[in-house]
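**Student:** Below is the structure I would like to discuss, written out as structure tokens.
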Amino acid sequence: MLTVAITGQILIHGPLDLCGEGQAEVRDFLEADVVFGNLEATVETAGAWPTKMKTLHLASADALVSVRELGFHAVTHANNHAFDLGPRALHRRAPPWKRPG
Numbered sequence: 007m008l009t010v011a012i013t014g015q016i017l018i019h020g021p022l023d024l025c026g027e028g029q030a031e032v033r034d035f036l037e038a039d040v041v042f043g044n045l046e047a048t049v050e051t052a053g054a055w056p057t058k059m060k061t062l063h064l065a066s067a068d069a070l071v072s073v074r075e076l077g078f079h080a081v082t083h084a085n086n087h088a089f090d091l092g093p094r095a096l097h098r099r100a101p102p103w104k105r106p107g
């Protein structure tokens, strides 16, 4: 039997402490065969510019590595934050997720 875990609103800005006490409960939930989440941020990108100044959620590339290391297999991008840093950031958000490590 295939198990699936789906979460919403991954609002993250920097890398997570994956050795802390709170991570154990999260990892238990994320032990499914397939884990999806909704990334509620735009990945910081060199040369990108803010398109707004209110409610701007930015995540470092290392933050995405932490999400992957928690056990997520795929994330969607929150449509309301897709253009927080303009088109350049929208098109360059995938590489940190795919980075080995």
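Take 7 as the starting number for the sequence shown in this note's numbering and just add one per residue.
Think of the CB as a built atom: it goes at the ideal place given N, C-alpha and C, for glycine as much as any other residue.
Since the model is a prediction, treat every value here as computed from it, not as a measurement.
How far does the beta strand (DSSP E) with residue 45 in it reach, from first residue to last?
**Tutor:** Taken as a continuous stretch (DSSP letters only), the beta strand (DSSP E) holding residue 45 covers 40-45.
**Student:** Quick one: what's got a C-beta closer than 7 Å to residue 17's C-beta in the same chain, skipping five residues either side?
**Tutor:** So the qualifying residues of the chain are 46, 47, 63.
**Student:** Going straight from the alpha carbon of residue 106 to that of residue 69, what length do you get?
**Tutor:** Note that residue 106 scores a pLDDT of 45, beneath 50, so its modelled location is shaky; the value from the coordinates is reported in the next line. Taking the straight line joining both Cα atoms gives about 14 Å.
**Student:** According to the Cβ coordinates, are residue 38 and residue 10 closer than 7 Å?
**Tutor:** Yes, the pair counts as a contact, with Cβ atoms nearer than the cut-off.
**Student:** Return the chain-ordered list of same chain residues with a C-beta closer than 8 Å to the C-beta of residue 29, the five sequence neighbours on each side being excluded.
**Tutor:** The residues are 22, 23, 76.
**Student:** If I measure Cβ to Cβ from residue 72 and keep anything under 6 Å in the same chain, skipping five residues before and after, which residues do I get?
**Tutor:** Contacts found: 21, 22.
**Student:** Across which residues does DSSP place residue 83 in a beta bridge pair?
**Tutor:** Partner(s): 45.
**Student:** Would you mind working out which of 49, 43, 65 sits nearest residue 13, comparing C-alpha positions?
**Tutor:** Taking only the C-alpha atoms, the option nearest residue 13 is 43.
**Student:** Drop a sphere of 10 angstroms on the beta-carbon of residue 87, count the other beta-carbons inside from all chains shown, and report buried for 16 or more, exposed for fewer.
**Tutor:** Classification of residue 87: buried, given that the 10 Å Cβ count is 16 or more.
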